[in-house]
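Worksheet for the structure shown next.
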Amino acid sequence: MTPWWKSAVVYQVYPKSFQDSNGDGIGDLKGITSRLDYLEKLGIDAIWLSPVYQSPGVDNGYDISDYQAIDPQYGTMEDMEELIAKAKEHHIRIVMDLVVNHTSDQHKWFIEAKKSKDNPYRDYYVWRDPVDGHEPNDLESTFSGSAWKYDETTGQYYLHLFADAQPDLNWENADLRQKIYDMMNFWIDKGIGGFRMDVIDLIGKKPDQKITNNGPMLHPYLQEMNRATFGGKDLMTVGETWGATIPIAKEYSDPDRDELSMVFQFENQGLDQQAGKSKWDLRKLDLGELKQVLVKWQTELDFNHAWNSLFWENHDIPRVISRWGNDQEYRVQSAKLFAIVLHLMHGTPYVYNGEEIGMTNYPVSDISEVSDIESLNMYHERIAQGYDPKELIKAINTKGRDNARTPMQWTAGKEADFTTGTPWLHVNPNHDKINVEAALADPDSIFYTYQKLIKLRHEHDIVVNGAFELIPSQDEVLAYYRILGDEKWLVVANFSDQEQSLSLADEIDSALVYNYQAPRDLSALTLKPYEAFAVIVK
Ligand code: TEU
Ligand code: CA
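Under UniProt numbering, the residues of the sequence shown are numbered 1 to 538, in order.
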């Protein structure tokens, strides 16, 4: 039997920014529950809920101090149970974020571990002696600076691949692994739909050899986790794996290996950065390269022995229309293009909250407006190194994580009706035009294109299981078939703001979805800027 997650569409909720229910300016669980009707209307099957566990909030909840408690800013455990139950009534499963590469430094395990070298929890974390009075090696944190922090009390360094308030867990410790599995079972017993596993490719790290992702024990740990927790249950699991290549993605998702349902791979994320540098070192996207990566993951991953996820956005990356499309003149067309191209591909699509109404990046003019720890740390590090502050603000406006984290735009009203109070992060002023209320009232809106695409996936096996075949064309155009039995669908998309010509021999049977007009003849197409359509061909 085909597992449910192969024909599902998952919607990511960033809880801090989705809907505030009590006027404190912070989104919360009751707020999410109050919007389930909207999500059911969109048609999604599951919510991936970014972390709502108890947390000091250094990294907006990705620094967890208690895995089995809800952070008071988001509500209570009863609110969580209510969300799971009500979501079920709306045919929506709740997929929890599982952040087990690291904890918060306020987690009781770390508070204990810090006390002494022989504390029973010491080995839950990664400690090393200084080398010549310095850090054990030059491993760097994703959030700038050394990945090692010196602890005065015990005279050793601990490892943190993210903020120093996010100490890395030591997966070599079997007690720790068991504690994590017990915690996962606690959530499984509450009736959740599965887990999205934060930076899961780091858990097999070998810091002394400077191996962080894809360490030697990664897959054995995942197989052990599968057996101890979700294996054999009707749950979906998706690993966040920045280091996944096609062969690696197969290892995670081959059903015979009993690891995960699928992974998020990020090969397209490096396309607009300078080679060998960081995401902040900007480079213009080459559409040919983007097309190549998209096609590669459709054609080279064997979907009979692997599975993949499809996404443009999440809470760590900018809004796609601002980044690779057009968020001004062609905002609506380009948003629909990204939707059509992705949702008719092979794999499980994810929609990030606000993507379905075409929300855009929100540029800041000063560092004081920035909230995200990654951007702030980078800025201060580079200012100290003599970089031009203007260039750094430009990089933050292009790539910073706050872009996708601005509050959900529900209406044109005050603070977009995200909150009755003062929002924790600025609401994009364009909510006067870009908002859910306006989208629902306009039959031609981006929202209804998403709704349509989700419905097509649910109703047509060809979207779930059809083979992908590329049609050769210029870099600006992506054209492909999906084929199942004698059924053949054609998808065509012009990723540029210029007209493009294309000529195909196929005959149209009927149109499925489009962002200008339904095409009538394929033999001499002049594609308008960001034009995209899908048709059934004979
Ligand atoms: O992200 C992993 C990660 O490596 C990101 O920090 C990413 O590299 C960066 O944002 C893009 O440059 C996950 C979570 O999704 C992220 O929100 C957390 O901050 C991070 O793990 C630590 O838990
Ligand atoms: Ca609130």
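We put the CB at the ideal spot given by N, CA and C, even for glycine.
Contact check, residue i vs residue j, beta carbons under 7 Å
| i | j | result |
| --- | --- | --- |
| LEU159 | ASP168 | yes |
| ASN435 | ALA412 | yes |
| ARG319 | ALA404 | yes |
| residue 539 | GLU356 | The structure shown does not extend to residue 539, since the chain is modelled only from 1 to 538, so the question has no answer here. |
| LEU392 | ARG382 | yes |
| TYR124 | ASN170 | yes |
| TYR74 | VAL99 | no |
| ASP272 | LEU285 | yes |
| GLU140 | TRP148 | no |
| HIS380 | LEU453 | no |
| THR406 | TYR362 | yes |
| LEU522 | LEU504 | yes |
| PHE264 | SER309 | yes |
| THR360 | ASP327 | yes |
| HIS305 | ASP254 | yes |
| GLY243 | ILE200 | no |
| ASP129 | GLN106 | no |
Residue i versus residue j: straight-line alpha-carbon distance, rounded
| i | j | result |
| --- | --- | --- |
| THR245 | TRP127 | 30 Å |
| GLU300 | GLY194 | 27 Å |
| PHE447 | ALA524 | 30 Å |
| ASP432 | MET225 | 47 Å |
| ASP151 | ALA384 | 24 Å |
| PRO423 | ILE32 | 16 Å |
| VAL427 | ILE188 | 35 Å |
| GLN292 | ALA249 | 18 Å |
| ALA165 | THR103 | 8 Å |
| ILE462 | HIS346 | 9 Å |
| LYS210 | GLU374 | 21 Å |
| LEU456 | LEU222 | 33 Å |
| GLU459 | ILE483 | 15 Å |
| ASP79 | ARG331 | 37 Å |
| TYR252 | SER371 | 34 Å |
| LYS117 | THR154 | 7 Å |
| LEU502 | ASN377 | 47 Å |
| ASP366 | ASN397 | 10 Å |
| GLN498 | LEU287 | 13 Å |
| GLY191 | ASP182 | 15 Å |
| LEU512 | ASP20 | 37 Å |
| ASP24 | ILE70 | 17 Å |
| PHE143 | ARG520 | 51 Å |
| LYS86 | ILE92 | 9 Å |
| ILE64 | ALA534 | 44 Å |
Local Cβ density within 10 Å of residue i, reported as buried at 16 or more and exposed below that
| i | result |
| --- | --- |
| residue 583 | Missing from the structure shown is residue 583; the chain here goes from 1 to 538 and no further. |
| ASP198 | buried |
| PRO389 | exposed |
| ALA339 | buried |
| GLU259 | buried |
| GLU329 | exposed |
| MET408 | buried |
| VAL131 | exposed |
| SER55 | buried |
| MET96 | buried |
Neighbourhood of residue i by C-beta distance below 6 Å, restricted to the same chain and skipping five residues each side
| i | result |
| --- | --- |
| VAL10 | ALA46, TRP48, TYR350 |
| GLN274 | ASP281, ARG283 |
| GLN333 | ASN515, TYR530 |
| LYS538 | GLU507, ASP509 |
| LYS488 | TYR481, VAL537 |
| TYR121 | TRP109, GLU112, ALA113 |
| MET236 | TRP5, GLY194, SER261 |
| PHE311 | TYR350 |
Paired residues, beta bridge with residue i - DSSP
| i | result |
| --- | --- |
| ASP168 | HIS102 |
| THR406 | Partner(s): none; THR406 has no beta bridge. |
| VAL263 | GLY239, ASN308 |
| GLN269 | According to DSSP, GLN269 bridges with nothing at all. |
| TYR387 | Its beta-bridge partners do not exist; DSSP assigns none. |
| LEU490 | TYR481, VAL535 |
| MET96 | LEU49, PHE195 |
Neighbourhood of residue i by C-beta, 8 Å cutoff - its chain only, sequence neighbours within 5 removed
| i | result |
| --- | --- |
| HIS90 | LEU36, ASP37, LEU39, GLU40 |
| ASN22 | ASP28, LYS30 |
| LEU290 | ASN268, LEU271, TRP324, PHE495 |
| VAL13 | ILE32, ILE47, TRP48, LEU49, SER50, ASN353 |
| ASN119 | GLU112, ALA113 |
| PHE230 | MET184, ILE188, GLY194, PHE195, THR237 |
Other residues of its chain near residue i: CB distance less than 7 Å, five sequence neighbours each side excluded
| i | result |
| --- | --- |
| LYS336 | ILE446, THR449, ASN515, ALA532 |
| VAL464 | LYS6, SER7, ARG457 |
| TYR67 | TYR53, MET183 |
| ILE84 | ILE94, LYS190, GLY191, ILE192 |
| ILE180 | VAL100 |
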